[in-house]
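Heads up, the thing below is written out as structure tokens.
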Amino acid sequence: MIPAADSTPSALAKGERLNVHYNQVMPELPEVETVVRDLRPLLCGRRIAAVQAGRKALRRRWSKPWGTVVQGRPVLGIHRRGKWIVIELGGPYLVIHLGMTGQLRVVPASAPTPPHTHLIFTLDDDLQLRFRDVRRFGSATLFPDAAAVQAFFAAADLGPEPFDLDPAYWHGRVTAAHRCLKAILLDQRVVAGVGNIYADEALFEARLHPTLLGDTLRRPQTAKLRQAVVTVLTRAIDKRGSSIRDYVGGSGEKGNYQREFLVYGRTSQPCLRCRRPIERIVLAGRSTHFCPGCQRKPR
DNA sequence: ACAGGATCCTGGGGGC
DNA sequence: TGCCCCCAGGATCCTG
């Protein structure tokens with residue numbers, strides 16, 4: 350078992366309404382992209398000297414001889430695919446999902462180990478890559494080679510990246526589905542990387558009601574939705590880069606998470622565009638926020 | 001086949 | 001003060 354240090358999470362600022370229960374970033378595509386970009390210069394070219402694994406398994410159990418497989422391996426690259434982080438280890442690949450509360454950090458080996466740290470990779474220069482995940486919704490899996498990683502994504506039927514969406518493909522997938530737009534956006538088989546927050550934000554950006562059924566949309570609407578997904582994610586990646594810059598550095602964990610969401614987490618607050626109160630409903634088992642003025646309800 | 005629901009997991013917040 | 005219940009979410013498994 351990895352020893353736990355006495356560090357407690359920082360308290361939420363008073364009056365904080367966004368992400369009421371959380372004092373950390375919920376990782377969706379923009380957060381994962383930021384983590385990958387930040388980790389790349391810290392990890393690439395280094396070598397893994399040792400691995401420590403916690404006793405409690407994550408949702409996807411790692412293969413047994415972790416240490417022997419990974420030990421001595423160089424980190425050749427780190428990439429993102431949807432919300433998955435793929436680390437290339439000169440042969441094997443490490444595939445990580447941050448789930449809801451997962452964190453990947455590079456810190457000095459001497460830094461205290463916070464609770465819920467499940468994996469520690471000691472690098473060859475007194476730094477450690479640490480995977481921490483309070484709720485253990487995340488996963489870390491070792492694959493023998495690139496083909497095995499591809500097979501894993503193929504088996505999950507992981508859809509294309511949102512930035513590469515072919516208009517015809519997108520229109521076909523959306524209009525083929527007899528279910529609400531919110532559920533379609535959350536479906537990783539249709540498009541990879543969109544989560545609950547950015548699904549709501551994208552629908553607001555496109556001014557489409559979340560309960561609209563996919564098979565009722567016409568081409569201009571699917572085009573608008575596709576563009577909205579790209580716009581919202583691009584904007585978030587640009588902002589997240591600065592808002593969680595110290596995510597990796599380890600020193601100031603607080604960061605300032607004033608996110609500029611227009612609907613997510615803003616239930617009952619006035620729409621920043623039309624001032625009508627944002628509404629919250631549950632769709633596909635997920636809280637869904639929308640503006641009844643900007644996103645007109647279908648008949 | 002497809003859509004929707006339950007499940008996992010934990011800490012914080014609200015209610016009593 | 002302190003307990004208990006509820007809530008949040010992504011992926012996956014299960015049901016209709």
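Just so you know, we're using the numbering used here here: the first sequence kicks off at 350 and counts up by one.
Every residue gets a Cβ at the ideal spot worked out from N, C-alpha and C, and that includes glycine.
Quiz item: Can you name the start and end residues of the beta strand (DSSP E) that E628 belongs to?
Solution: Locating residue 628 in the first sequence gives position 279, where the first residue counts as 1. Looking at the DSSP string, the run of the beta strand (DSSP E) that includes E628 is 628–632.
Quiz item: By Cβ distance below 7 Å, which residues in the same chain neighbour V369 in space, the five residues on each side in sequence not counted?
Solution: As a working note, residue 369 is residue 20 in the first sequence. Residue confidence for V369 is low, a pLDDT of 32 falling below 50, so the modelled location carries little weight; the figure read from the coordinates is stated next. Taking C-beta separations shorter than 7 Å and ignoring five residues to either side along the sequence, V369 has no partners in its chain.
Quiz item: Within 10 angstroms of its Cβ, does E628 collect 16 or more other Cβ (buried), or is it exposed?
Solution: Position 279 of the first sequence, counted from the first residue, corresponds to residue 628. It is buried - the Cβ of E628 has at least 16 other Cβ atoms within 10 Å.
Quiz item: Excluding five sequence neighbours on each side, which residues of the same chain lie with their C-beta closer than 7 Å to the C-beta of R594?
Solution: Position 245 of the first sequence, counted from the start, is the residue given in the question as residue 594. Here R594 scores only 38 on pLDDT, less than 50, and its place in the model is too uncertain to base an answer on.
Self-check item: CA nearest to the CA of D506, picked from G614, Q537, V498
Solution: Along the first sequence, read from residue 1 onward, the residue named residue 506 stands at position 157. Of the listed residues, the one whose Cα sits closest to D506 is Q537.
Quiz item: Given a threshold of 16 other Cβ atoms within 10 Å of its Cβ, counted over all protein chains shown, does D494 qualify as buried or as exposed?
Solution: Numbered from its first residue, the first sequence carries residue 494 at position 145. Counting the other CB atoms within 10 Å of its CB gives D494 a total below 16, which places it among the exposed residues.
Quiz item: On the three-state DSSP scale, how would you describe Q499?
Solution: Position 150 of the first sequence holds residue 499. DSSP, read as helix, strand or coil, puts Q499 in helix.
Quiz item: Just reading off the alpha helix (DSSP H) that L534 is part of, what are its end residues?
Solution: In the first sequence, counting from the first residue as 1, residue 534 sits at position 185. Where L534 is concerned, the enclosing alpha helix (DSSP H) stretches over 530–535.
Self-check item: Close-in-space but distant-in-sequence residues of the same chain around P641 (CB under 7 Å, 5 per side omitted)
Solution: Taking the first residue of the first sequence as position 1, residue 641 is located at position 292. For P641, where only same-chain residues beyond five positions count, the Cβ hits under 7 Å are R625, E628.
Practice problem: Please say whether V523 and R566 have beta carbons closer to each other than 8 Å? | Solution: For this step, residue 566 is matched to residue 217 along the first sequence. For this step, residue 523 is matched to residue 174 along the first sequence. Looking at the sequence itself, residue 566 is Leu, so the reference to Arg does not match. It is a contact, given that the beta carbons lie within the stated cut-off.
Quiz item: Per DSSP, which one or two residues make a beta bridge with W433?
Solution: In the first sequence, residue 433 corresponds to position 84, counting from 1. Bridge partners of W433: R430, H446.
Practice problem: Confirm, please, whether the CB-CB distance from V435 to V444 is below 8 Å. | Solution: Translated into the one-based positions of the first sequence, residue 444 becomes position 95. Translated into the one-based positions of the first sequence, residue 435 becomes position 86. A contact, by the Cβ cut-off of 8 Å.
Self-check item: C-alpha distance - I427 paired with A398, whole-angstrom precision
Solution: Within the first sequence, residue 427 is the residue found at index 78, counting from 1. Within the first sequence, residue 398 is the residue found at index 49, counting from 1. Straight-line Cα distance between these residues: approximately 18 Å.
Exercise. Verify whether the separation of the beta carbon atoms of H520 and D564 is less than 8 Å.
Key: Position 171 of the first sequence, counted from the first residue, corresponds to residue 520. Position 215 of the first sequence, counted from the first residue, corresponds to residue 564. Cβ atoms of H520 and D564: not closer than 8 Å.
Quiz item: Counting along the chain, where does the alpha helix (DSSP H) carrying G416 start and finish?
Solution: For the purposes of this step, residue 416 is taken as the residue at position 67 of the first sequence. That run of the alpha helix (DSSP H) goes 415–419.
Quiz item: Where does V579 fall in DSSP's three states?
Solution: Numbered from 1 along the first sequence, position 230 holds the residue referred to as residue 579. Of the three classes helix, strand and coil, the one that applies to V579 here is helix, per DSSP.
Self-check item: Sub-8 Å separation of K432 and G542 beta-carbons
Solution: Numbered from its first residue, the first sequence carries residue 432 at position 83. Numbered from its first residue, the first sequence carries residue 542 at position 193. Result yes, Cβ atoms of K432 and G542 sit closer than 8 Å.
Self-check item: Cβ neighbours of P423 in the same chain (closer than 6 Å, five flanking residues each side left out)
Solution: For this step, residue 423 is matched to residue 74 along the first sequence. Correct list, in chain order: R396, G439.
Self-check item: 7 Å CB neighbourhood of H446 in its chain, flanking five on each side removed
Solution: As a working mapping, residue 446 is identified with position 97 in the first sequence. For H446, where only same-chain residues beyond five positions count, the Cβ hits under 7 Å are K432, W433, G487, S488.
Quiz item: What is the residue span of the beta strand (DSSP E) that H467 lies within?
Solution: Locating residue 467 in the first sequence gives position 118, where the first residue counts as 1. Segment 466–472, the beta strand (DSSP E) holding H467.
Self-check item: T490 in three-state terms, based on DSSP
Solution: For the purposes of this step, residue 490 is taken as the residue at position 141 of the first sequence. It is a strand residue.
Quiz item: Excluding sequence positions up to five away, which residues of its chain have a Cβ less than 7 Å from the Cβ of F512?
Solution: Along the first sequence, read from residue 1 onward, the residue named residue 512 stands at position 163. Around F512: V579.
Quiz item: beta strand (DSSP E) containing A402: first to last residue?
Solution: Taking the first sequence and counting its residues from 1, the one referred to as residue 402 is at position 53. Element bounds for A402: 397–402.
Self-check item: Given L472 as reference, the closest of D387, V400, Y613 once Cα atoms are compared
Solution: Sequence index remark: in the first sequence, residue 472 carries index 123 (1-based). With distances taken between Cα atoms, L472 lies closest to V400.
Quiz prompt | Which of helix, strand or coil DSSP assigns to P461 | solution = On the first sequence, position 112 is the one that residue 461 refers to. Judged by DSSP in its simplified three-state form, P461 adopts coil rather than helix or strand.
Practice problem: Can you grab the Cα-Cα spacing for the pair C620 / D515, in whole Å? | Solution: Stepping through the first sequence from its first residue, residue 620 is reached at position 271. Stepping through the first sequence from its first residue, residue 515 is reached at position 166. Approximately 32 Å between the Cα atoms of the pair.
Practice problem: Could you check what DSSP says for V539 in three-state terms: helix, strand or coil? | Solution: Working through the first sequence from its first residue, we reach residue 539 at position 190. Here V539 sits in coil by DSSP.
Quiz item: Quick one: Cα of R479 to Cα of K646, how far?
Solution: By 1-based counting over the first sequence, the position of residue 479 is 130. By 1-based counting over the first sequence, the position of residue 646 is 297. Distance between the alpha carbons of R479 and K646 is about 45 Å.
Quiz item: In the DSSP assignment, what residue or residues form a beta bridge with D387?
Solution: For this step, residue 387 is matched to residue 38 along the first sequence. Looking at the DSSP assignment, D387 forms no beta bridge with any residue, so it has no partner.
Quiz prompt | Given H465 as reference, the closest of P457, D482, Q452, L476 once Cα atoms are compared | solution = Position 116 of the first sequence, counted from the first residue, corresponds to residue 465. Checked all of P457, D482, Q452, L476; the closest Cα to H465 is D482.
Practice problem: Could you pull out every residue in the same chain whose Cβ sits closer than 7 Å to the Cβ of V385, ignoring the five residues on either side in sequence? | Solution: Along the first sequence, read from residue 1 onward, the residue named residue 385 stands at position 36. Once the five neighbours on either side are set aside, the close Cβ partners of V385 are I427, H428, R429, I434.
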